[in-house]
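Down below is the structure, laid out as structure tokens.
There are 6 protein chains.
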Amino acid sequence: MRIVIYPGTFDPIHSGHIDIAERASRLFDKLIFAVAVNSYKKPLFSAQERIDMILESMKHINNIEAFSTEGLVADFAREYKAVAIIRGLRHVSDFEFEFQMATMNHHLNSSVSTLLMVTSEKYIHLNSSVVKDVARLKGDISNFVTPVVMENLKAKFGLT
Amino acid sequence: MRIVIYPGTFDPIHSGHIDIAERASRLFDKLIFAVAVNSYKKPLFSAQERIDMILESMKHINNIEAFSTEGLVADFAREYKAVAIIRGLRHVSDFEFEFQMATMNHHLNSSVSTLLMVTSEKYIHLNSSVVKDVARLKGDISNFVTPVVMENLKAKFGLT
Amino acid sequence: MRIVIYPGTFDPIHSGHIDIAERASRLFDKLIFAVAVNSYKKPLFSAQERIDMILESMKHINNIEAFSTEGLVADFAREYKAVAIIRGLRHVSDFEFEFQMATMNHHLNSSVSTLLMVTSEKYIHLNSSVVKDVARLKGDISNFVTPVVMENLKAKFGLT
Amino acid sequence: MRIVIYPGTFDPIHSGHIDIAERASRLFDKLIFAVAVNSYKKPLFSAQERIDMILESMKHINNIEAFSTEGLVADFAREYKAVAIIRGLRHVSDFEFEFQMATMNHHLNSSVSTLLMVTSEKYIHLNSSVVKDVARLKGDISNFVTPVVMENLKAKFGLT
Amino acid sequence: MRIVIYPGTFDPIHSGHIDIAERASRLFDKLIFAVAVNSYKKPLFSAQERIDMILESMKHINNIEAFSTEGLVADFAREYKAVAIIRGLRHVSDFEFEFQMATMNHHLNSSVSTLLMVTSEKYIHLNSSVVKDVARLKGDISNFVTPVVMENLKAKFGLT
Amino acid sequence: MRIVIYPGTFDPIHSGHIDIAERASRLFDKLIFAVAVNSYKKPLFSAQERIDMILESMKHINNIEAFSTEGLVADFAREYKAVAIIRGLRHVSDFEFEFQMATMNHHLNSSVSTLLMVTSEKYIHLNSSVVKDVARLKGDISNFVTPVVMENLKAKFGLT
Numbered sequence: 000m001r002i003v004i005y006p007g008t009f010d011p012i013h014s015g016h017i018d019i020a021e022r023a024s025r026l027f028d029k030l031i032f033a034v035a036v037n038s039y040k041k042p043l044f045s046a047q048e049r050i051d052m053i054l055e056s057m058k059h060i061n062n063i064e065a066f067s068t069e070g071l072v073a074d075f076a077r078e079y080k081a082v083a084i085i086r087g088l089r090h091v092s093d094f095e096f097e098f099q100m101a102t103m104n105h106h107l108n109s110s111v112s113t114l115l116m117v118t119s120e121k122y123i124h125l126n127s128s129v130v131k132d133v134a135r136l137k138g139d140i141s142n143f144v145t146p147v148v149m150e151n152l153k154a155k156f157g158l159t
Numbered sequence: 000m001r002i003v004i005y006p007g008t009f010d011p012i013h014s015g016h017i018d019i020a021e022r023a024s025r026l027f028d029k030l031i032f033a034v035a036v037n038s039y040k041k042p043l044f045s046a047q048e049r050i051d052m053i054l055e056s057m058k059h060i061n062n063i064e065a066f067s068t069e070g071l072v073a074d075f076a077r078e079y080k081a082v083a084i085i086r087g088l089r090h091v092s093d094f095e096f097e098f099q100m101a102t103m104n105h106h107l108n109s110s111v112s113t114l115l116m117v118t119s120e121k122y123i124h125l126n127s128s129v130v131k132d133v134a135r136l137k138g139d140i141s142n143f144v145t146p147v148v149m150e151n152l153k154a155k156f157g158l159t
Numbered sequence: 000m001r002i003v004i005y006p007g008t009f010d011p012i013h014s015g016h017i018d019i020a021e022r023a024s025r026l027f028d029k030l031i032f033a034v035a036v037n038s039y040k041k042p043l044f045s046a047q048e049r050i051d052m053i054l055e056s057m058k059h060i061n062n063i064e065a066f067s068t069e070g071l072v073a074d075f076a077r078e079y080k081a082v083a084i085i086r087g088l089r090h091v092s093d094f095e096f097e098f099q100m101a102t103m104n105h106h107l108n109s110s111v112s113t114l115l116m117v118t119s120e121k122y123i124h125l126n127s128s129v130v131k132d133v134a135r136l137k138g139d140i141s142n143f144v145t146p147v148v149m150e151n152l153k154a155k156f157g158l159t
Numbered sequence: 000m001r002i003v004i005y006p007g008t009f010d011p012i013h014s015g016h017i018d019i020a021e022r023a024s025r026l027f028d029k030l031i032f033a034v035a036v037n038s039y040k041k042p043l044f045s046a047q048e049r050i051d052m053i054l055e056s057m058k059h060i061n062n063i064e065a066f067s068t069e070g071l072v073a074d075f076a077r078e079y080k081a082v083a084i085i086r087g088l089r090h091v092s093d094f095e096f097e098f099q100m101a102t103m104n105h106h107l108n109s110s111v112s113t114l115l116m117v118t119s120e121k122y123i124h125l126n127s128s129v130v131k132d133v134a135r136l137k138g139d140i141s142n143f144v145t146p147v148v149m150e151n152l153k154a155k156f157g158l159t
Numbered sequence: 000m001r002i003v004i005y006p007g008t009f010d011p012i013h014s015g016h017i018d019i020a021e022r023a024s025r026l027f028d029k030l031i032f033a034v035a036v037n038s039y040k041k042p043l044f045s046a047q048e049r050i051d052m053i054l055e056s057m058k059h060i061n062n063i064e065a066f067s068t069e070g071l072v073a074d075f076a077r078e079y080k081a082v083a084i085i086r087g088l089r090h091v092s093d094f095e096f097e098f099q100m101a102t103m104n105h106h107l108n109s110s111v112s113t114l115l116m117v118t119s120e121k122y123i124h125l126n127s128s129v130v131k132d133v134a135r136l137k138g139d140i141s142n143f144v145t146p147v148v149m150e151n152l153k154a155k156f157g158l159t
Numbered sequence: 000m001r002i003v004i005y006p007g008t009f010d011p012i013h014s015g016h017i018d019i020a021e022r023a024s025r026l027f028d029k030l031i032f033a034v035a036v037n038s039y040k041k042p043l044f045s046a047q048e049r050i051d052m053i054l055e056s057m058k059h060i061n062n063i064e065a066f067s068t069e070g071l072v073a074d075f076a077r078e079y080k081a082v083a084i085i086r087g088l089r090h091v092s093d094f095e096f097e098f099q100m101a102t103m104n105h106h107l108n109s110s111v112s113t114l115l116m117v118t119s120e121k122y123i124h125l126n127s128s129v130v131k132d133v134a135r136l137k138g139d140i141s142n143f144v145t146p147v148v149m150e151n152l153k154a155k156f157g158l159t
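Going line by line, the protein sequences match chains A, B, C, D, E and F. Numbering-wise (numbering that gives the first Met the number 0), the first sequence opens with residue 0 and increments by one. Numbering-wise (numbering that gives the first Met the number 0), the second sequence opens with residue 0 and increments by one. Numbering-wise (numbering that gives the first Met the number 0), the third sequence opens with residue 0 and increments by one. Numbering-wise (numbering that gives the first Met the number 0), the fourth sequence opens with residue 0 and increments by one. Numbering-wise (numbering that gives the first Met the number 0), the fifth sequence opens with residue 0 and increments by one. Numbering-wise (numbering that gives the first Met the number 0), the sixth sequence opens with residue 0 and increments by one.
What follows is the structure, encoded as structure tokens:
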């Protein structure tokens, strides 16, 4: 069984993430979201809230799991016996960051490769920060997140 | 059985290509090199010579095949029932070209995704043109190509 | 009356060009396509064929004209009393080329500014070379060009 | 009457901004600075101080106005009946951010286009952060800001 | 005597820095590390700790010195009679930042040029933040820093 | 004596090259232009014409020499006992090419480092192709080349 992991902050999951996860899950036997708990960043949602939104947003796909991690992605991959790390690529600045991460992860765990997937062009300008900014300012984000995420964002910003 | 294709000109195959193919071949059941026959570009080696160098350079890997194609990569992928297209990424300029190709191939064959793999840092500055330039000017390329490719390059440039 | 020019090779015009021209034509009183006749490049279509395809593809817009030029864009802008040059932007590599052109044109004709318009994300991976390559290899380009351009491409490649 | 808006933080306005605003104001009937009030960022100057510096620095141009906004740029554009959003471009990293903003604004208000103007090469390395850093460390910024801004910076840093 | 300075935060010095400093020190008569004391950034190590780690890590090279500075790099260069500023380049995003700094420093001190040196490919993905992140999460950083730096990182993170 | 080489095609030398050479020549004891004779590219000027224009354009600097080479830059550096290779940097696309060259040259001759110098912002958009294009179309290039180069360009294009 070939397992891959999809690490990220997912604060919250949006349509770009869902598109990557759907396509990657068809290429391997299982895809596991690795939700980063980073004490330095201050996410809007707790790790558990982020996992719940992922599982709800991806419930149409069978071979998906999601766990949080405080450690290195390379160690998470080893623990879950993953053969590869999946990441989405939108921009040149993504590219450099992903390059650095891919090389460091390969150094720390040489049995795992990083596979970068091109984000669908209709989500190429999307990221979690923009989603949160637009939601906070009451713009329409219904094309960019699932209903559960939209509800959670409204609740966080006191817009319900 | 999950098959992936690795399209390119491979004029000639070098250590960066070999690194990508080795790692990708472990993630899927078969990897097929799709050697582009492009009437506009004038490669140094014929398609058959390029295929022969690929097969010789990759003979330590079992699940590798190589065929030439004059058509679209998307059609080649369909013909060989591939689930994904593998490509190596070194640079920002690679990135934009790969993005464009990935999107067009997805448009032409939506059942196939493109997976970009980060080139190992020791081959990050390597490409077939540099290999040919250095070989032609009698520089040392033994770290960058297999013996069979080195012999073929010397023969082409009359350096044997 | 504020006139802008839209310079390019347009070999042939595609949906990305049409999107830029439609949006720019609403911001100014007239938009003039400046079709480059460059003796160094070898376009697939003659300047007259390219102008004819532009005018046919843009016939739903009133304030559009198209002329060919063998000279500098800065001189064309001066001749047609243009206040600005319009260009579409898709990629980082576009960006650097456009920057260079914008600065040189400003040097040669300081009364004209360059306005770069962001290509709609659904055409972000589109360019005339890809359109021609896919058409030549019998791929489907109906989403990317108007019927008149599709007919002309088929005729050029002997596919009718 | 064709109105455009020029959104930004302008903390404070510098010569690069002035160059863009001068050139854009000649292409349209009115240019309105939209000064972002962002509760997350902590600007050095208050919104009113930033507006006052803009109006003083641009007083040689007639068709300029400046207002602050706490909302979305797309909503500001709608409120002021703007046909386009003007932004300056200096760098590749600018480019990606502007691309994302342009696409999101087009999604939120499809009647408004974004026009990117190439910053004059003599201001290509200039931004408000560098201006503040150099001023704070007592470097010479007289080529980069107007006298009113220089006075305000000195006052803020207790250098008068 | 031709003196060059090598400015940075060096929080802490890593193998990429050492590689640049070794090569640059051979091209000039003296190389002085200029360790930035920036009240806005919060470095992990104090300026004195960073200087001590630099001097210990570079003790195999004779013509090296290290001092801290709270002021402009251009002023530091003037004070130490430097003819050039040395900086390492790894990535495109480095490139833009270095470009901006080089131009501003040239403006502030026209007698000093900036020389950018290409980081060795084996350190191309390395920076101080990644070193600190991996050390904090107990990953292996022995290839990336000298023993003194490894000890200091362990002590800071309570891992000894 | 520390010697550096400045390799390039210099077809023809322009103000950006002159700026780099002036600044680099002050940092070392001798600067040698290495004029590439490349049988694949078709330069407008012969190697001897290019050397003559370099020497005439740089005659205000004492420690400059210029020679042509058909071989590898790394071998030229070894032959002339150079400690470093100087190159100018303008753009991101420059950057990637220079990176690749720097790494390959370091592989072929580890005793030589590459020093990249930031082009002055007023020449950031300048290259030899643009100079030739504008000259051929009778645009004004007097700010970009020395009189001897302007005369030679006019003669080549039959504009005298």
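Note that beta-carbon positions come from the ideal geometry of N, C-alpha and C, so glycine has one too. All figures in this text were calculated on a predicted structure; none of them were measured in a lab.
Excluding sequence positions up to five away, which residues of its chain have a Cβ less than 6 Å from the Cβ of residue i?
i             : result
A73 (chain F) : N104, L107, N108
I50 (chain D) : V34, A65
Counting only C-beta atoms, is residue i closer than 9 Å to chain D at any point?
i              : result
E165 (chain C) : In the structure as shown, chain C begins at 0 and stops at 159. Residue 165 (chain C) is therefore absent and cannot be evaluated.
V144 (chain A) : no
Answer yes or no: does any C-beta atom of chain C fall closer than 9 Å to that of residue i?
i              : result
L107 (chain B) : yes
L125 (chain D) : no
T8 (chain B)   : no
Leaving aside the five residues before and after residue i along the sequence, list all residues of the same chain whose C-beta is less than 8 Å from its C-beta, in chain order.
i              : result
H13 (chain E)  : Y122, L125, N126, S127, V130, F143, V144, V148
V111 (chain E) : A73, A76, R77, A81, V82, A83, I84, N104, H105
Tell me the DSSP secondary structure of residue i in three-state form.
i              : result
F32 (chain F)  : strand
V111 (chain B) : coil
E69 (chain B)  : coil
I84 (chain D)  : strand
P6 (chain B)   : strand
V144 (chain F) : coil
Closest Cβ-Cβ distance between residue i and chain B: below 9 Å?
i              : result
K155 (chain C) : no
A76 (chain A)  : no
Applying the 10 Å Cβ sphere with the 16-neighbour rule, what's the burial state of residue i?
i              : result
P157 (chain A) : The residue asked about is misnamed: residue 157 (chain A) is Gly in this sequence, not Pro. By the neighbour-count rule (16 or more Cβ atoms within 10 Å), G157 (chain A) is not buried but exposed.
E69 (chain E)  : exposed
T113 (chain E) : buried
Please decide whether residue i counts as near chain F, where near means a Cβ-Cβ distance under 9 Å.
i              : result
L136 (chain B) : yes
H16 (chain B)  : no
D35 (chain C)  : The identity of residue 35 (chain C) in the sequence shown is Ala, whereas the question assumes Asp. Closer than 9 Å: no.
L152 (chain C) : no
From the beta carbon of residue i, is the nearest beta carbon of chain A less than 9 Å away?
i              : result
K121 (chain C) : yes
Q47 (chain D)  : no
Please decide whether residue i counts as near chain H, where near means a Cβ-Cβ distance under 9 Å.
i              : result
D139 (chain C) : Absent from the structure: chain H. Protein chains present are A, B, C, D, E and F.
Going by beta carbon distance, what residues of the same chain come within less than 7 Å of residue i, once the five residues before and after it are set aside?
i             : result
D10 (chain F) : P42, L43, F44, R49, S127
S56 (chain A) : I12, I17, T145, V147, V148
Does any C-beta atom of chain E lie closer than 9 Å to the C-beta of residue i?
i              : result
H90 (chain D)  : yes
L115 (chain A) : no
V82 (chain F)  : yes
L26 (chain F)  : yes
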